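Residue numbers (this note's numbering), protein chains in the order written: chain E, 142 to 441; chain G, 415 to 575.
The beta-carbon is built from N, C-alpha and C at its ideal position, and this holds for glycine as well.
Fair warning: this is a prediction, and the values are worked out from it, not measured in the lab.
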């Protein structure tokens, strides 16, 4: 399968990328890992007239832990993040990185590309919304830093201008008594999840939930913050009943559509189960336990 | 349109410098098969699912149907043709032959490279790690039991060396 013809431009710096995008006009697009864009182009669902390849820009794939903040270069591949000890220090990030699609796609796909695409089924959006995350964007007029909740505005839509691109993602490290988990359920490894749940919570004393964020993936036009589910736990004792109420609230917050990945009812039931599981794992991790979590599929 | 724009792509494939002028939209798998005549890499689904087109690019597996050839420019590629040395099979190839891991053979080139990649990073993979490593390689004819057996054998044979 061949995409529609396009002209190819290889950028050597961010400044050159912006300049090329400016010169090439609205029909030009940025090519990072290409694991979403290339399939879309092959199916002719996307037909950009020009591509600006940023894969040859040096220094855009760094992973640095600095002053309580994790800085992830836009071109960091999912595999780089999966293998990084600095990333593993925030377990929810490792859950996400280690289970996106399959090895081959993780070797090529980038975190910056994933966020810039704004796919409602993308794993990074839901995961990173549970943390204090900001996106540093570079454009012809310099840089700006945008909170992730303000960055993605709609399905496949972000606030990025045409000549702007993601340079770095900054994540504030959660406190020590905090734990998180990302749980996604998919039909097989290479496909997008049918639903996913990301939870980050802070435990006070033995079992009081000091703070919590619950984000649902694949069940709306963007990843959805399930605030009512959070309210069922914030400031309260974490027990089976409270977790059940939070899962119920998440089920009501979800706005899934029926498609080949399942009916809307199925996805609601699924997302509630995933929220319940993610909370349980997050609590255990907040208490210092090592627990495995991540993407689940048949045959894993 | 005034003629089709072509660009030069230079790579090292299986240790040999190769180049061709291609349209930018040329997929890496087609570049290998059509321009470089290396037809060992297969096109299966052509939709980033099945992994029959898996090759090593700079020591990492990629689905060559999901890369434009210019993205690999300057890169080091290993295809199934590059696994054997002096007519002797790579231990992973030998294990697949011994354990009937080839089955119909269509997904084999991709599975071989995913296995080589796995064992280069992890000499003693657990069953779970093996399954995760080949989750992006689909067999459409038979199943995975003999494939798993082959990978286990390859790991233990390579361990002995």
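In this structure, how does DSSP classify residue i when only helix, strand and coil are distinguished?
i: residue 157 (chain E); result: helix
i: residue 313 (chain E); result: strand
i: residue 147 (chain E); result: coil
i: residue 514 (chain G); result: coil
i: residue 445 (chain G); result: helix
i: residue 568 (chain G); result: helix
i: residue 225 (chain E); result: coil
i: residue 319 (chain E); result: strand
i: residue 233 (chain E); result: helix
i: residue 177 (chain E); result: coil
i: residue 479 (chain G); result: helix
i: residue 439 (chain E); result: coil
i: residue 194 (chain E); result: strand
i: residue 288 (chain E); result: strand
i: residue 528 (chain G); result: helix
i: residue 303 (chain E); result: coil
i: residue 398 (chain E); result: coil
i: residue 268 (chain E); result: helix
i: residue 241 (chain E); result: coil
i: residue 415 (chain G); result: Any answer about residue 415 (chain G) is weak, because its pLDDT of 48 lies below 50 and its placement is not dependable; what the coordinates show is given next. If DSSP states are grouped into helix, strand and coil, residue 415 (chain G) belongs with coil.
i: residue 172 (chain E); result: strand
i: residue 426 (chain G); result: strand
i: residue 372 (chain E); result: helix
i: residue 456 (chain G); result: coil
Just the C-alpha distance for residue i and residue j, rounded to the nearest angstrom, thanks.
i: residue 502 (chain G); j: residue 575 (chain G); result: 15 Å
i: residue 444 (chain G); j: residue 367 (chain E); result: 45 Å
i: residue 479 (chain G); j: residue 441 (chain G); result: 6 Å
i: residue 300 (chain E); j: residue 540 (chain G); result: 44 Å
i: residue 212 (chain E); j: residue 247 (chain E); result: 19 Å
i: residue 437 (chain E); j: residue 391 (chain E); result: 20 Å
i: residue 566 (chain G); j: residue 544 (chain G); result: 8 Å
i: residue 523 (chain G); j: residue 462 (chain G); result: 16 Å
i: residue 564 (chain G); j: residue 572 (chain G); result: 12 Å
i: residue 490 (chain G); j: residue 259 (chain E); result: 32 Å
i: residue 445 (chain E); j: residue 256 (chain E); result: Here chain E comprises residues numbered 142 to 441, so residue 445 (chain E) is not present and cannot be evaluated.
i: residue 492 (chain G); j: residue 177 (chain E); result: 24 Å
i: residue 320 (chain E); j: residue 423 (chain E); result: 5 Å
i: residue 143 (chain E); j: residue 439 (chain G); result: 7 Å
i: residue 307 (chain E); j: residue 279 (chain E); result: 6 Å
i: residue 335 (chain E); j: residue 370 (chain E); result: 20 Å
i: residue 338 (chain E); j: residue 413 (chain E); result: 8 Å
i: residue 432 (chain E); j: residue 386 (chain E); result: 23 Å
i: residue 415 (chain G); j: residue 437 (chain G); result: Confidence is the limiting factor: at residue 415 (chain G) the pLDDT is only 48, short of 50, which leaves the residue's position unreliable, though a coordinate-based value still follows. Each residue's Cα considered, the two are about 14 Å apart.
i: residue 351 (chain E); j: residue 421 (chain E); result: 15 Å
Can you pull the chain G residues whose beta carbon is under 9 Å from the beta carbon of residue i, in chain order?
i: residue 146 (chain E); result: 415, 418, 419, 437, 438, 439
i: residue 440 (chain E); result: 545, 549, 558
i: residue 220 (chain E); result: 474
i: residue 175 (chain E); result: 480, 481, 482, 485
i: residue 372 (chain E); result: In chain order: nothing, as chain G lies at least about 37 Å away.
So residue i contacts chain E; which residues on that side make the cut at Cβ distance below 8 Å?
i: residue 460 (chain G); result: 142, 183
i: residue 477 (chain G); result: 245, 246, 249
i: residue 429 (chain G); result: Neighbours of residue 429 (chain G) on chain E: none; closest Cβ ~21 Å, over 8 Å.
Buried or exposed: residue i, going by 16 or more other Cβ atoms within 10 Å of its Cβ?
i: residue 399 (chain E); result: exposed
i: residue 347 (chain E); result: exposed
i: residue 536 (chain G); result: exposed
i: residue 531 (chain G); result: buried
i: residue 261 (chain E); result: buried
i: residue 425 (chain G); result: buried
i: residue 147 (chain E); result: buried
i: residue 163 (chain E); result: exposed
i: residue 431 (chain G); result: exposed
For residue i, go through chain E and note every residue whose CB falls closer than 9 Å to its CB, in chain order.
i: residue 572 (chain G); result: Neighbours of residue 572 (chain G) on chain E: none; closest Cβ ~19 Å, over 9 Å.
i: residue 540 (chain G); result: Ordered by position in chain E, no residue passes the 9 Å Cβ test against residue 540 (chain G), which lies about 12 Å from the chain.
i: residue 496 (chain G); result: Near residue 496 (chain G) there are no residues of chain E at all, since even the closest Cβ is about 17 Å away, more than 9 Å.
In chain G, what lies closer than 8 Å to residue i by C-beta?
i: residue 164 (chain E); result: By Cβ distance, chain G contributes nothing, its closest Cβ being about 16 Å from residue 164 (chain E), past 8 Å.
i: residue 199 (chain E); result: Going along chain G, no residue has its Cβ under 8 Å from residue 199 (chain E), so there is no contact; the nearest lies around 13 Å.
i: residue 149 (chain E); result: 419, 421, 438, 482, 484
Interface residues of chain E around residue i at Cβ under 7 Å?
i: residue 528 (chain G); result: 244
i: residue 468 (chain G); result: 245
i: residue 515 (chain G); result: Here the premise fails: no neighbours, minimum Cβ distance about 17 Å.
Within 8 Å of any Cβ in chain C, is that where the Cβ of residue i sits?
i: residue 232 (chain E); result: Judged by its chain identifiers, the structure shown contains no chain C, and its protein chains are E and G.
Cβ closer than 7 Å: which chain G residues qualify as neighbours of residue i?
i: residue 196 (chain E); result: 485
i: residue 241 (chain E); result: Ordered by position in chain G, no residue passes the 7 Å Cβ test against residue 241 (chain E), which lies about 11 Å from the chain.
i: residue 330 (chain E); result: 549, 550
i: residue 180 (chain E); result: 461, 462, 480
Inter-stretch contact (C-beta, 8 Å, three-pair minimum) for the stretch 327 to 343 of chain E and the stretch 187 to 198 of chain E: no
contact_flag[the stretch 275 to 286 of chain E, the stretch 501 to 515 of chain G] where n(CB pairs < 8 Å) is 3 or more: no
For the stretch 381 to 400 of chain E against the stretch 318 to 326 of chain E, do three or more pairs of beta-carbon atoms, one drawn from each stretch, fall closer than 8 Å, so that the two count as touching? no
Should the stretch 252 to 263 of chain E be regarded as contacting the stretch 214 to 230 of chain E, the criterion being three or more beta carbon pairs within less than 8 Å? yes
Would you call the stretch 195 to 209 of chain E and the stretch 151 to 162 of chain E touching, i.e. three or more CB-CB distances under 8 Å? yes
Below 8 Å, how does it come out for the stretch 423 to 436 of chain E and the stretch 464 to 472 of chain G: are there three or more Cβ pairs, yes or no? no
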